[in-house]
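This report refers to the structure that appears directly beneath it.
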Amino acid sequence: MSLYVIGDLHLGSAIDKPMDIFGENWSNHQQKIADNWTGKIKDSDWVVLAGDHSWGTKDTDIIPDLTFINNLPGNKILLKGNHDIWWKTTKKNNEFLEKYKLDRLHMLSYGAMRIENLIVCTFRGWLCPGSENYTESDRKIYNREVLKLRESIRRAQDLRHGNEEIILFMHFPPCINGEKNEITQIIEENDIKRCYFGHIHGINNKDCDIHSPVTKYKLISADFIGFDPVLVE
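Going by the numbering used here, the first residue of the sequence shown is number 106, and it counts up by one from there.
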């Protein structure tokens, strides 16, 4: 079993949302994802998808996109991104997956899952203090997310039988321009060695360079990694 990660697929099979308006590298990006994915990922592998899966807003919009993801090799863990406005409660999401036989998808926005000798910890996050156009409303959401991060890590720690590594996957970056904050403090004080995140786009993006003696932070937005899932080594 191998574990991979990729974020921000931004699929839109059922709606008119061409992604190449954001750059030529997005041209035919769904096929690029499929080719790269099927070229190396096996059915026994796991893939974490770090949010922003589909531009769809209702069930009929997202079924083709989630079916596409489901039918790719491997088991998948899906996080909620800021564009996943179709995302519902845990109960309704599970009913949706069962109804449409999407049996290789696991929706886990906050929490933890044990996969062999690794523990996957998931968390959405939010705009960080210092972000452009940051408002008091953002601050309230951010404060709630800080509490949710603590809870996700607690759940991950509860799954430990020994010294298994907890790997954190989130949608939003933990900080901006490398400026540490409450989220990075929580990550590092809990000795999280690896944190993967998406949301930020641009193939030469340097805004998310985060240096830490404790944690290795890595941006895995689809366009940033060439639409090629990254092996969690």
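We treat Cβ as the ideally placed atom computed from N, Cα and C, and that holds for glycine.
Legend entry - Limits of the alpha helix (DSSP H) - the one that Arg244 falls within: Glu241 to Asp263
Inset, instruction - For the region 221–234 and the region 182–198, state whether three or more C-beta atom pairs, one from each stretch, are separated by less than 8 Å. - result: yes
Inset, instruction - For Lys285, verify whether its CB is less than 8 Å away from any heavy atom of the ligand GDP. - result: Questions concerning the ligand GDP fall outside what the structure shown contains, since it holds no ligand whatsoever.
Inset, instruction - Measure the C-alpha to C-alpha separation of Leu207 and Gly303 and round it to an integer number of angstroms. - result: Each residue's Cα considered, the two are about 24 Å apart.
Legend entry - Cut-off 8 Å between Cβ atoms - residues of its own chain near Ile288, not counting five sequence neighbours on either side: The answer, listed in chain order, is Gly230, Cys233, Glu250, Val251, Leu254, Pro279 and Cys280.
Inset, instruction - Tell me whether Leu207 sits in a helix, a strand or coil according to DSSP, three-state version. - result: coil
Legend entry - Sub-9 Å separation of Ile167 and His158 beta-carbons: yes
Legend entry - CA-to-CA distance, Arg259 to Asn295, given in whole angstroms: 10 Å
Inset, instruction - Please state whether DSSP places Met106 in a helix, a strand or coil. - result: coil
Legend entry - Proximity to Ile330 [Cα-Cα], best of Ala119, Trp142 and Lys122: Trp142
Legend entry - Boundaries of the beta strand (DSSP E) in which Leu324 is found, first to last residue: Lys321 to Leu324
Legend entry - CB contact flag (Trp160, Gly117, <9 Å): yes
Legend entry - Nearest-angstrom Cα separation, counted from Tyr109 out to Val152: 5 Å
Legend entry - Sequence-distant residues of its chain with Cβ nearer than 8 Å to Pro318 (five each side left out): Counting only Cβ-Cβ distances below 8 Å, and skipping sequence neighbours, we find nothing.
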